[in-house]
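Colleague: My questions all concern the structure below.
In the working numbering, the protein residues as written are 42 to 150.
Printed below as a string of structure tokens:
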């Protein structure tokens, strides 16, 4: 990742939104469409992937397994009242944990 992208990710609103991964969010789009569900992923362009989303378009509700929101179409992200900003930011800034694979067993003799 480029240095400019890394700095943008750690100093902008993107950091806060990335800390919301795994929480329920309510995304309002510029076209008046809204999406409510669990935030799966957010990149440095504020592109969102929402799981188990309920999409409201023109007073019609539609339930989809996964919904993608382009960052340029995003107007607001509404949060639950119980969101602690300090915990969200510390979760977003913390370095990612490395996954350790179980040791391989030898199958030949």
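Ideal Cβ placement from N, Cα and C applies to all residues, glycine included. Every value quoted in this text rests on a predicted model; they were computed, and no experiment measured them.
Going by alpha carbons, who is nearest to residue 118 out of 90, 131, 103, 99?
Modeller: That would be 90, whose Cα lies nearest to the Cα of residue 118.
Colleague: What residue does the alpha helix (DSSP H) around residue 110 start on, and which one ends it?
Modeller: Where residue 110 is concerned, there is no enclosing alpha helix (DSSP H), although the beta strand (DSSP E) it sits in stretches over 101 to 110.
Colleague: What's the gap between the Cα of residue 71 and the Cα of residue 140?
Modeller: C-alpha separation (whole angstroms): 38 angstroms.
Colleague: Answer yes or no: do residue 77 and residue 54 have a C-beta to C-beta separation smaller than 8 angstroms?
Modeller: No; because the gap between Cβ atoms is not below 8 angstroms, this pair is not in contact.
Colleague: Please list the terminal residues of the continuous alpha helix (DSSP H) segment that includes residue 126.
Modeller: Looking at the DSSP string, the run of the alpha helix (DSSP H) that includes residue 126 is 126 to 134.
Colleague: When you compare only the Cα positions, how much space is there between residue 126 and residue 100?
Modeller: Their backbone Cα atoms lie some 32 angstroms apart in a straight line.
Colleague: Out of 146, 116, 56, point me to the one whose CA is closest to residue 75's CA.
Modeller: The option with the nearest alpha carbon to residue 75 is 116.
Colleague: Would you please state the rounded distance, in angstroms, between the beta carbons of residue 87 and residue 58? I believe it to be under 8 angstroms.
Modeller: About 6 angstroms; that satisfies the 8 angstroms criterion.
Colleague: Under three-state DSSP, which class holds residue 122?
Modeller: Residue 122 falls in the coil class under three-state DSSP.
Colleague: Thinking just about the alpha-carbon of each residue, which of 69, 145, 81, 109 is nearest to the one in residue 61?
Modeller: Nearest option by C-alpha distance: 81.
Colleague: I need the straight-line Cα distance from residue 103 to residue 56, nearest angstrom please.
Modeller: Straight-line Cα distance between these residues: approximately 29 angstroms.
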